[in-house]
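Going down the list, the sequences are from chains A and B.
Under our numbering, the first sequence has 36 at position 36, and the numbering climbs by one with no breaks.
Heads up, our numbering is the position in the second sequence plus 1000, with the first residue counted as 1.
Don't be surprised by glycine CBs; every beta carbon is placed ideally from N, CA and C.
Just below is one structure, and these are the notes that go with it.
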Amino acid sequence: MASKHTNKKRTKDVAPTPVEGLTATEVGVLEAFVATMNDKVIPEIVRKEEERRVLAASSRHWPLKT
Amino acid sequence: MYTWLPIGSTADLGKLAGEIGHEYDPTRVAQRLMGGLSPAVKGVLIERQYIDKDYRSTYYNYYAKKGQTYRTDCVRLHFFDSTVSFDATAQKFLWPDARLDDHYFGYMVLRPTGIATIGRSVLSPDVREGLRAGAPIITSRHKVHVLGYRLAVEGFPSMDQHIDISVCAHAACWSILRHYSERYSNYREYLTHDITMMAHAFNPGGLVPSRGLDVSHAEHVFQEAGTFPMIVTRKSPRDVLFYRQLLAYVESGFPLFAAMHKWSHAVAVVGCEWKTALARGSTKLRYAWDLVESLIVVDDNSLPYRSVPMVGTAQYSSRHIDAFIVALPEKVFYPADAVNGLTPWLFALGPLLGLQPERDTVARYFMTTGSALRRFMRNRESEFDPNLMREVMTLPFAQFVWIIELSSAADWAAGQISARAVLDATASLRDPKPFWLFHSRSRALIFDRRSVGVASSGVRAISLSGMSATALTRWDQNLRPTQRK
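Quick look at the structure:
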């Protein structure tokens, strides 16, 4: 699962910022997560939200009368 | 003015027809009650000449203008268990202990309209026949004054549509907004006539409301009531994201206005029933929605708390719900679909927290308040490392937070979890770290949200001790579990 959830391309050659309580390797995991959020997760979240708005518009005129 | 009707069996409810005038259509009311009330109801107090604010709002604005003469007063039925009796001479109740509330199952107002006579009602889910014990349902506490007693019942408001001046959508809006006004002090009470007027930008006059509403009218009602409605529409019958969102909002304590396009019908979704057993050995991440057996709805065509299975031979199933409106409070900017999108990626942080494999996990997410989170943990202090308690008590939460709970199949069966993430419900959709906190049994990541634009420097990790074998209780606080009577 690690390969699915990490973005090694973004974190390559970037020195991790120290984080209290985490080793340098663990900071790399955290920074890879943030990179994945920016590159994959957030664009998909934004796309889904746009899709929700379009679908909502399509249902606004459904009649409700029974 | 008051008559006590002892109920030996549910068939005795048919005696209502001999006690109540025909304008209240008691025969149909009795049939409805016989089909849905549990045998725990052993006494009904019939209260005549009851002045009901919701009926009066329609009387003043509609029935009083008609050529046919309608009564101004209603009948109210109160339901009790077997321990309560009525002294007709002294006009008082007799019961065995200090708490009459414990023996009271709620009330039902009957309108003098000839048709669709069941008006404002609050019945306890505990006496709804066919509802499974433990089924979590959104309720609030409703005060009731009768015979000088001040009673209370936990339930969700319901009423039949008037047919001539209101339809199913009005009834669903009314139920949800009455729940809000009883449950939350910042929402005012709206009467039936108010709801019919709020649906339109102008007074449509005449009988226009009876010709039906559409989804946008219901959205307008919720806007007018000061909430921030969001419409979520199903993409296809296999759109699991739609149902995951639906469950997330219901588990957050928000009753949903649910539309069924096929039937042109609307109901309020107020709870669910879980499957009794969880199959083990899943090969992928499962969501709480996968474990739902049925939804509980308040439908104006039946008694409240109707159990609607996912599929079935009844008039409709949960699969017929293809849009819903959630009436959100202000300051909820991060919607359920964003939480859903984020959830599988939490496992990327698995190496930091020692998370179990994704394939053995059930993910469940819902919204609550930061105060409720602190109260939940304070009431279970022994489950948490004191350092984690201190962090949660001092984090500067916004009012609303999303909770994501991760459970193994074994955890789920035992009502436990193995990790919990706390997200900021005011986060932007583009926030790469919308967290306040993410903890397992061994470690916690604390996210500093007091600075904007910091990268990983805004994060701290703390090791947790003493939590490896404690119970980490699953959060079931937003809804009330049904206690079958």
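Contact check, residue i vs residue j, beta carbons under 8 angstroms
i: B/W1412; j: B/V1339; result: no
i: B/A1425; j: B/A1398; result: yes
i: B/L1353; j: B/S1428; result: no
i: B/E1293; j: B/N1478; result: no
i: B/S1307; j: B/G1130; result: yes
i: B/G1119; j: B/Y1055; result: yes
i: B/S1121; j: B/K1485; result: no
i: B/L1123; j: B/G1134; result: no
i: B/T1470; j: B/E1330; result: no
i: B/D1126; j: B/T1482; result: yes
i: B/Y1190; j: B/A1225; result: yes
i: B/D1101; j: B/A1040; result: no
i: B/I1325; j: B/P1229; result: yes
Residue nearest to residue i in terms of C-alpha spacing, selected from the options
i: B/S1302; options: B/Y1060, B/V1267 and B/T1482; result: B/V1267
i: B/H1162; options: B/F1086, B/N1387 and B/Y1024; result: B/Y1024
i: B/L1355; options: B/I1321, B/S1408 and B/V1422; result: B/S1408
i: B/L1016; options: B/V1044, B/A1171 and B/M1001; result: B/V1044
i: B/R1141; options: B/H1200, B/I1417, B/L1437 and B/R1183; result: B/R1183
i: B/L1213; options: B/C1168, B/Y1243 and B/S1175; result: B/C1168
i: B/T1192; options: B/T1089, B/K1235 and B/N1061; result: B/N1061
i: A/E51; options: B/Q1315, B/A1172 and B/V1232; result: B/V1232
i: B/W1436; options: B/T1369, B/M1467 and B/E1381; result: B/T1369
i: B/E1273; options: B/I1138, B/S1236 and B/R1430; result: B/I1138
i: B/S1468; options: B/G1341, B/H1170 and B/I1417; result: B/I1417
i: B/L1033; options: B/T1003, B/R1286, B/L1094 and B/L1077; result: B/L1077
i: B/G1014; options: B/I1020, B/T1003 and B/T1027; result: B/T1027
i: B/W1004; options: B/M1260, B/V1311, B/F1093 and B/Y1149; result: B/F1093
i: A/A57; options: B/A1323, B/A1248, B/T1473 and B/D1476; result: B/A1323
C-beta neighbour in chain B for residue i, strict 8 angstroms
i: A/A56; result: yes
i: A/E44; result: yes
i: A/E20; result: yes
i: A/E26; result: yes
i: A/E50; result: no
i: A/S59; result: yes
i: A/L64; result: yes
Exposure of residue i, with buried meaning 16 or more beta-carbon neighbours within 10 Å
i: B/I1051; result: exposed
i: A/K8; result: Low confidence applies here, because A/K8 scores a pLDDT of 49, under 50, leaving its location unreliable; read the following figure in that light. So A/K8 ends up on the exposed side.
i: B/P1396; result: exposed
i: B/F1242; result: buried
i: B/S1451; result: exposed
i: B/K1262; result: exposed
i: B/A1421; result: buried
i: B/R1234; result: buried
i: B/G1067; result: exposed
i: B/P1237; result: exposed
i: B/A1199; result: buried
i: B/M1260; result: buried
8 angstroms contact criterion, which residue i and residue j should meet: CB distance rounded
i: B/S1442; j: B/L1406; result: At roughly 14 angstroms, the Cβ-Cβ gap does not stay under 8 angstroms, so B/S1442 and B/L1406 are not in contact.
i: A/V41; j: B/W1402; result: No, A/V41 and B/W1402 are not in contact; Cβ-Cβ is about 15 angstroms, not under 8 angstroms.
i: B/F1156; j: B/A1327; result: In fact, because the Cβ distance is near 14 angstroms, the residues do not count as touching under 8 angstroms.
i: B/V1075; j: B/R1048; result: 6 angstroms
i: B/H1265; j: A/L30; result: At roughly 48 angstroms, the Cβ-Cβ gap does not stay under 8 angstroms, so B/H1265 and A/L30 are not in contact.
Any chain A beta carbon closer than 8 angstroms to residue i
i: B/P1351; result: yes
i: B/I1462; result: yes
i: B/V1122; result: no
i: B/I1046; result: no
i: B/R1430; result: yes
i: B/I1165; result: no
i: B/G1281; result: no
i: B/G1212; result: yes
i: B/G1341; result: yes
i: B/H1078; result: no
i: B/K1235; result: yes
i: B/P1335; result: yes
i: B/V1297; result: no
i: B/K1433; result: yes
i: B/A1323; result: yes
i: B/I1176; result: no
i: B/V1267; result: no
Residue i beta carbon near the ligand SAH (any heavy atom closer than 7 angstroms)
i: B/R1188; result: Annotation note on the ligand SAH: not contained in the displayed structure, which lists no ligands.
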